[in-house]
Amino acid sequence: MNSNVKYIWTSGRLCDFKGCDRPDLQPIHINGWFWTAELKKLAPTNNRVQNDWSHTGGLNRPQPDNREPQQGGAPENCLAVLNNFYQDGVHWHDVACHHRKPFVCEESDSLLKYVRFTNPNLRV
Numbered sequence: 001m002n003s004n005v006k007y008i009w010t011s012g013r014l015c016d017f018k019g020c021d022r023p024d025l026q027p028i029h030i031n032g033w034f035w036t037a038e039l040k041k042l043a044p045t046n047n048r049v050q051n052d053w054s055h056t057g058g059l060n061r062p063q064p065d066n067r068e069p070q071q072g073g074a075p076e077n078c079l080a081v082l083n084n085f086y087q088d089g090v091h092w093h094d095v096a097c098h099h100r101k102p103f104v105c106e107e108s109d110s111l112l113k114y115v116r117f118t119n120p121n122l123r124v
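So in the UniProt record's numbering the end of the sequence shown lands on 124, straight run, no missing numbers.
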């Protein structure tokens with residue numbers, strides 16, 4: 001990641017909609033993260049070997065920490081890659097989804113098909 005880029009959005013997301021009460025997603029902050037572009041679950045957040053969550057954040061606790069609601073803000077349901085924001089290197093952080101950040105586009109056949117279907121006048 002370029003040192004001038006402080007953070008980016010990914011397609012990582014916490015399940016927070018209808019159907020997220022499934023037993024295999026509980027507890028939700030451990031087992032409920034997934035890649036929206038691929039509709040694949042991430043490894044449990046307490047499995048530090050198979051993911052890249054940061055060991056720290058705004059509360060000096062391992063990510064995801066859902067910090068903002070504890071300080072009167074919105075739930076941290078989106079996954080961003082932060083570039084040494086907390087002097088922790090380049091790692092994943094849970095962040096409230098309303099923040100503006102650059103993003104990474106993920107190309108997949110199913111996403112391209114959806115875009116073509118919903119935007120027939122767009123050349124993709």
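Backbone N, C-alpha and C fix where the C-beta goes; we use that ideal spot for every residue, glycine too. A quick note: this is a predicted structure, and the numbers were derived from the prediction, not measured.
Which residues DSSP lists as bridging residue i, in chain order
i	result
residue 34	13, 41
residue 83	90
residue 7	82
Local conformation of residue i per DSSP, three classes
i	result
residue 65	coil
residue 124	coil
residue 95	strand
For residue i, the nearest candidate out of the options (CA to CA)
i	options	result
residue 3	83, 58, 78	83
residue 126	59, 44, 13	Here the chain has residues from 1 to 124 only, and residue 126 is not among them.
residue 75	61, 92, 99	99
Would you say the segment 47-54 touches the segment 11-29, given that touching needs at least three Cβ pairs under 8 Å?
-> no
Should the segment 100-117 be regarded as contacting the segment 63-70, the criterion being three or more beta carbon pairs within less than 8 Å?
-> no
Cβ pair count under 8 Å reaching 3, the segment 115-122 against the segment 70-89 | no
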